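Trainee: Mapping of the sequence shown onto our numbering: position 145 corresponds to residue 128, and the numbering continues sequentially without gaps. Using N, Cα and C, we set each Cβ at its ideal position, and we do this for glycine too. Quick caveat, the model's predicted, so the values are computed rather than measured. Sharing a structure, written as structure tokens. Questions coming.
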Amino acid sequence: MAENQSESLVRYALVDCDPGVDDALALAIGFASPFFRYDAVTTVHGNVSARLAYRNARRLVAFLRDHLESPIPDVPVYPGAALALDGSRLNRSESRMIHGPEGMGAMFDNKKRLRRLGRGSSKPAWEVIVEQAARRGSALTIITLGPLTNLALALRRAPGAFSRVKRIVVMGGAARMPGNVTPAAEFNIYCDPLAAKEVFSSGLPVTMVGLDVTRRALWRVEELEGGGSFRAALRDLIRVYARFSKKRRGADDITLHDPLALAVAMKPDLVETIPCRVDVDASRGVARGMTLVDLRENRGARVKNPVDVALGLDLKGFLAFFISHLRKYRGWDEDGK
Ligand code: BDR
Ligand code: CA
């Protein structure tokens, strides 16, 4: 009885991602916290091809688990969609400049960091998402850090499986800000606007953690100086991204888009949200991928199927939360300490 009771208090998470430098940092802080038990990591096209996203995630899961001070159970990784729902594929030349040619900066150029490949599977991501939603119900939070293709496919196949899911936290979109891939669109939504449109209009409890807050989540790269082997690995992870930021914005920092979404899933009060209707331009025109967030006054309370859109950020609180979780890895400080 006591065991069942404590089991019923467990919070589970499923992370859908396209690693990706900031996806990797998001998984790092997620695994370092006892807040969620991780059922699965599912992977999707986006920063890299679906094939590379799957491989990178398996490498990452193994690497992170090897370095955690408090071990966590193995987290299986599943392969996902290779194309957007409308069959389109993005030109990834800018992604390569941010995330490196294979998505993980220079982290896995060092072969010593590739000792193991985490557990994989041939089961498609959408199927795992449906299974876990049905199995965990109100104990499950789904966090998406890439294009929403896998989740939209899962919703199309089995919408009823999601009726009890606690929350879906989406990194993507922009309400009051210009986009980061076109003037209208944020990257994850641009990669698959139709999928985003279906998720945002699903009526499920969705939080949109978009550029309005993530663009402010800047992390100074000097904080990675010194330390031990884990910190050195993160330096290699962010090296290409930091060079890109320096060139583009003249800044010695990187933007923690995905880590902020993962942190919000664990600690929702890091952001202030308002309920709004969110539509997405799924055309092939100039506004493709734009999230049209209805911010007109007094709409929130009456709106059907609102999305909780993050507009305010506790930046200091987030950065403290982020660093405190990275400190939980062996090799953040000098090795052997
Ligand atoms: C999003 O796009 C990707 O490049 C990042 O990993 C993040 O998920 C930010 O727009
Ligand atoms: Ca991502």
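Would you be able to state if there are at least three C-beta pairs under 8 Å between the stretch 54 to 66 and the stretch 88 to 108?
Mentor: Result yes; three or more Cβ-Cβ pairs closer than 8 Å.
Trainee: Taking one C-beta from the stretch 224 to 244 and one from the stretch 256 to 263 each time, how about it: are there three or more such pairs within less than 8 Å?
Mentor: Taking 8 Å as the limit for Cβ pairs, the verdict is that the stretch 256 to 263 does not touch the stretch 224 to 244.
Trainee: Could you check which residue in E317, L298 and S228 has the C-alpha nearest to that of M80?
Mentor: It is S228 whose Cα lies nearest to the Cα of M80.
Trainee: Using a threshold of 8 Å, state whether the C-beta atoms of A117 and R(-6) are closer than that.
Mentor: No, they are not a contact pair.
Trainee: Comparing C-alpha positions only, which one of V27, W202, A9 and K149 sits nearest to D236?
Mentor: The candidate whose alpha carbon is nearest that of D236 is W202.
Trainee: I need the DSSP call for Q(-12), collapsed to helix, strand or coil.
Mentor: Its pLDDT being 47, under 50, Q(-12) is placed unreliably in this model, and the value from its coordinates should be taken loosely. Of the three classes helix, strand and coil, the one that applies to Q(-12) here is helix, per DSSP.
Trainee: Relative to the C-alpha of P130, which candidate in A65, P142 and G162 has its C-alpha closest?
Mentor: Selected option, being the one with the closest Cα: A65.
Trainee: Would you mind reading off the limits of the alpha helix (DSSP H) that contains M273?
Mentor: Neither: M273 is in no alpha helix (DSSP H) and is coded neither H nor E.
Trainee: Which runs of the alpha helix (DSSP H) fall wholly inside the stretch 141 to 207 and span at least 4 residues, in chain order?
Mentor: Listed in chain order, they are 170 to 174, 176 to 183 and 194 to 197.
Trainee: Determine the extent of the alpha helix (DSSP H) in which P242 is found, giving its start and end residues.
Mentor: H240 to M249 is the span of the alpha helix (DSSP H), which, as asked, contains P242.
Trainee: So the beta strand (DSSP E) E255 belongs to, where does it begin and stop?
Mentor: Per DSSP, E255 belongs to the beta strand (DSSP E) from V254 to C259.
Trainee: Taking only heavy atoms of ligand 1 into account, decide whether any of them is closer than 7 Å to the Cβ of G321.
Mentor: This structure leaves residue 321 out entirely; the chain is present only between -16 and 320.
Trainee: Please check the pair G346 and V113, which I expect to be a contact at CB under 8 Å, by giving their CB distance rounded to whole angstroms.
Mentor: In the structure displayed, the chain extends from -16 to 320; residue 346 sits before or after that span and is not available.
Trainee: With a 10 Å radius around its C-beta and 16 neighbouring C-beta atoms as the bar for buried, classify P17 as buried or exposed.
Mentor: So P17 counts as exposed.
Trainee: Under the criterion of a Cβ to heavy atom distance below 7 Å, does L128 qualify as lining ligand 2?
Mentor: Answer for L128: yes, Cβ within range of ligand 2.
Trainee: Identify whether D5 lies in helix, strand or coil by the three-state DSSP scheme.
Mentor: DSSP places D5 in helix when its eight states are reduced to three.
Trainee: Give me the Cα-Cα distance between A167 and V269, rounded to the nearest whole angstrom.
Mentor: Those two C-alpha atoms are separated by around 8 Å.
Trainee: Looking only at C-alpha atoms, which of A137, R72, G155 and V204 sits nearest to Y224?
Mentor: For Y224, the nearest C-alpha among the options comes from V204.
Trainee: Three Cβ pairs or more, each shorter than 8 Å: is that satisfied between the stretch 168 to 188 and the stretch 207 to 218?
Mentor: With a cut-off of 8 Å, the stretch 207 to 218 and the stretch 168 to 188 do not count as touching, because too few Cβ pairs lie within range.
Trainee: What's the gap between the Cα of R139 and the Cα of R313?
Mentor: If I take the Cα positions, the gap works out to 42 Å.
Trainee: Counting Cβ pairs, one atom from each stretch, are 3 or more of them under 8 Å apart for the stretch 31 to 43 and the stretch 153 to 173?
Mentor: No contact exists between the stretch 31 to 43 and the stretch 153 to 173.
Trainee: With respect to 7 Å, is the separation between the Cβ of D195 and the closest non-hydrogen atom of ligand 1 below this value?
Mentor: For ligand 1, not one heavy atom lies less than 7 Å from the Cβ of D195.
Trainee: Indicate whether A135 and L51 have their beta-carbon atoms separated by less than 8 Å.
Mentor: Cβ distance not < 8 Å, so A135 and L51 don't count as in contact.
Trainee: What's the gap between the Cα of G156 and the Cα of L187?
Mentor: Each residue's alpha carbon lies about 17 Å from the other.
Trainee: Does the distance from the C-beta atom of R45 to that of K311 stay below 8 Å?
Mentor: According to the sequence as given, residue 45 is Ala; it is not Arg. Cβ distance not < 8 Å, so A45 and K311 don't count as in contact.
Trainee: Quick one, which of M87, A141 and R38 has its alpha-carbon nearest I221's?
Mentor: Of the candidates M87, A141 and R38, the one whose C-alpha sits nearest the C-alpha of I221 is M87.
Trainee: On the criterion of 16 or more Cβ atoms from any shown chain inside 10 Å, does I306 qualify as buried, or is it exposed?
Mentor: When all chains shown are included, I306 counts as exposed.
Trainee: Is it buried or exposed, K180, if we count other Cβ atoms within 10 angstroms and call 16 or more buried?
Mentor: With 16 or more other Cβ atoms within 10 Å, it is buried.
Trainee: Would you kindly work out how many angstroms separate the C-alpha atoms of T256 and A248, rounded to a whole number?
Mentor: Near 13 Å, if we compare the C-alpha coordinates of A248 and T256.
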